[in-house]
Each structure stands twice: as C-alpha cells, then as structure tokens.
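Participant: When we follow this note's numbering, the leftmost residue of the sequence shown carries the number 26, and every step to the right adds one.
Even glycine gets a Cβ: it sits at the ideal position worked out from N, Cα and C.
Nothing here was measured: the structure is a model prediction, and the numbers come from that model.
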Amino acid sequence: MSIKEIENYNQDFASVWAAMDRTEKQMAENAKQMAESNARMDERFDRTDKRIAEIGERVDTLAATVDKSYAEFVETRKEVGKMGNSYGMYVESYFFESLKKSMQFGGVTYKHIVNGEKGSYTLPDETIIEDEIDIIMHNGDSIAIIEVKSKVQIDDVIDLVERKIVNYKLMSPQYAHKKFYLGVAGFFIKKDAEKEALRCGVGILTLSGDNLKIQDEHLIVF
C-alpha cells in the first residue's frame, strides 16, 4: 500500500470516527431530550392525577350534600303531608259535627249521618271501582251527600255531580230510587266553584266568621 493510499485510508477512518462521534453525541442529546420530555410528561400526569383526585373528592362531597338535601326534602314532604292530612281531617270533622248537631240540609231533616263511607262495585269487564263519600245523611226517602275539601274548586263540584253520585248509586243500589241532594263543604270556596254549585243545584257549606253558613235554597234532586 502506498503512502498516499495509507493517508487516504487514515482520512476515511477519521471521517468515520468523527461521524460516529457526532451520532453518539446526537443520540446522547436525543436521550437527554427524551428524558426531559418524559420528566415533564410525568409531572403533567402527576398534576392531572392530583386534579382528578381533587375533582373526585369534590364530586363525592357534592353527592353527599345532594343525598342529604334530598333526604331532608323527602322528610319535609312527609311532614307537610302529615300536616295536610291532619288539616283535612279537621275540616271534615268540623262539617260532620256541625251537621250532626242540626241534622238539617236543604230543608230536610235527616235521622242518620255517616262520616267517610267507602264502597266499591264491579263493572261488566270486571274492573273494580272504589270510592269514598265524606258525609252521608239519610232518612226514609232522602239522602244527602256532602263532599268536603279544605278549599273547594270547580273540579270538586263537577266531580261530585258527574262521578261521585253515580258511583254511590252503583255501590248502594238499594238506595238508588231515593231522592239525592248534593253539597260541597269547605273553609274556602273559589268563586267559580260557587257559581258552578249554584248552577248545578248543589248546596254550599262554608264559614261565615266562626259560624257554619249553608246555601241550600237552590237544591235540586239528583
């Protein structure tokens, strides 16, 4: 091998080593950058995990608060329902005791009075219809049916005329031939309900001060 060839070989070898050195340095730099990138990613993951944990704690706290609030709401509804039932029973008791003292309605004197009579009948398709009449007064040939509400609304009047009287006659067919008189009773009577009752020939029982007031001059037989 000539000296020139040796020199060329040495130059080529040096170039290769230089290239390998640059490659090694580049790989080292890449590894460093990769490590730094991984470190930054790990830090971000840590922050994300921490954030998710914090959000989870807040969600758990909110869920517990909602559960507690809902439980309190349910309990409050129960208490209000009990109060409403108690008030309704008081209203019904007031009108029952008042009518029991007089035994009068629509100019008719009654011998018996019943509070809260329930009954049922079966339709031809075997559907069972159940109903309850708040106050019933009866004698030999007449029956008075009084629907009691704390606040009487027009739908209560319509329901009494179109459904309850029909149901009662079906539940108690032995009385269907008697003369029926209807009335609605309540501490408060809405204006449209009062007008409907007067139009339909339904009696109105309410309060006037501390006394029972009865409008029954317009009654018709049902």
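Is the beta carbon of I190 sitting closer than 8 Å to the one on L207?
Facilitator: Result yes, Cβ atoms of I190 and L207 sit closer than 8 Å.
Participant: Just to confirm the assignment, what range does the beta strand (DSSP E) spanning N236 have?
Facilitator: Its beta strand (DSSP E) spans residues 236 to 240.
Participant: Ignoring anything shorter than 3 residues or poking outside the region 146 to 188, list the beta strand (DSSP E) runs there in chain order.
Facilitator: 153 to 163, 167 to 173, all fully within the region 146 to 188.
Participant: Whose C-alpha, out of M196, S175, I170, is nearest the C-alpha of V186?
Facilitator: Here the closest residue by C-alpha is I170.
Participant: Taking only the alpha-carbon atoms, compute the straight-line gap between S111 and E151 and give it to the nearest angstrom.
Facilitator: So the alpha carbons of these two residues sit roughly 35 Å apart.
Participant: Using the C-alpha atoms, what's the distance from M59 back to D74?
Facilitator: Each residue's Cα considered, the two are about 22 Å apart.
Participant: Pull up the distance between the alpha-carbon of V227 and that of I158, whole angstroms please.
Facilitator: Answer to the nearest angstrom: the Cα atoms are 15 Å apart.
Participant: Measuring CA to CA, which of M66, N140, D156, H137 is closest to Y146?
Facilitator: The shortest C-alpha separation from Y146 is found at D156.
Participant: Locate the alpha helix (DSSP H) running through K204, then write down its first and last residues.
Facilitator: Per DSSP, K204 belongs to no alpha helix (DSSP H); it is in the beta strand (DSSP E), 204 to 210.
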